[in-house]
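See structure below.
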Amino acid sequence: MDANEITPHLFPNRFADAVGPSAGGPARDHCRCVGHSFATRPTSVVFHADRQDTEAAGWRHLLALIDEAAADGRTVFKPFVELSAPERRQIVTLPATIAKLTAVKHLVLYGTNLVRIPAEIGAMTSLEVFEPYTSHRLHWYPYELTRCTKLADSTVSTASSTATSSSVRRFRGCGR
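In this note's numbering, each residue carries its 1-based index in the sequence shown increased by 137.
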């Protein structure tokens with residue numbers, strides 16, 4: 138390589154280990170609520186009305202993972218890595234018991250089927266990094282997220298947000 142050639146820069150994939158196994162069907166549903174261009178954008182936005190099936194195997198597994206993480210004082214929580222693809226698809230909201238995760242500093246919700254996050258996320262007092270990246274069915278975040286005063290970094294898919302580029306605001310403390 139001579140001096141005039143540019144050496145390509147390789148970026149690490151921060152989310153390579155953020156999802157579980159893909160066997161067993163799709164892990165999430167597709168969303169067309171927001172559109173990916175002006176041509177595909179709907180004239181009005183309606184949030185997903187999915188209700189969480191609290192009897193589903195995925196829900197019960199997630200509850201157990203939260204209890205386990207709360208008990209061992211885990212600082213990084215990637216619950217969807219431990220769920221099968223069918224189980225991940227069954228989860229459309231996080232349970233209110235996430236309030237027990239007071240030691241968690243890093244919450245990874247990469248590529249989920251979530252449509253809502255409960256207000257109880259505000260009780261995660263140690264949360265510093267929040268990553269719901271590519272959870273395309275998640276169009277809004279609860280105000281209570283601002284109660285996570287240590288939150289300093291987030292990776293959010295703004296293309297899936299109902300906000301426009303002129304109204305997107307950073308979460309409290311992000312980008313310090």
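Glycine residues also receive a C-beta, built at the ideal position from the N, C-alpha and C atoms.
Are Trp196 and Ile228 closer than 8 Å when you measure CB to CB?
yes
Nearest to Cys168 by alpha carbon, out of Ser291, Thr271, Pro223?
Thr271
If we call anything under 8 Å between Cβ atoms a contact, is Lys287 one with Leu264?
yes
Can you give me the start and stop residues for the beta strand (DSSP E) that Leu244 sits inside?
243–245
Inspect the beta-carbon positions of Thr110 and Arg225 and report whether they are closer than 8 Å.
Summary: the structure shown does not reach residue 110, with the chain confined to residues 138 through 313, and so no result is reported for it.
Limits of the unbroken beta strand (DSSP E) element including Glu320
The chain is shown from 138 up to 313; residue 320 falls before or after that span and cannot be answered.
Use the C-beta contact count for Pro145: other C-beta atoms within 10 angstroms, 16 or more gives buried, fewer gives exposed.
exposed
Among the candidates Phe214, Thr212, Pro232, whose CA atom is the shortest distance from the CA of Glu192?
Pro232
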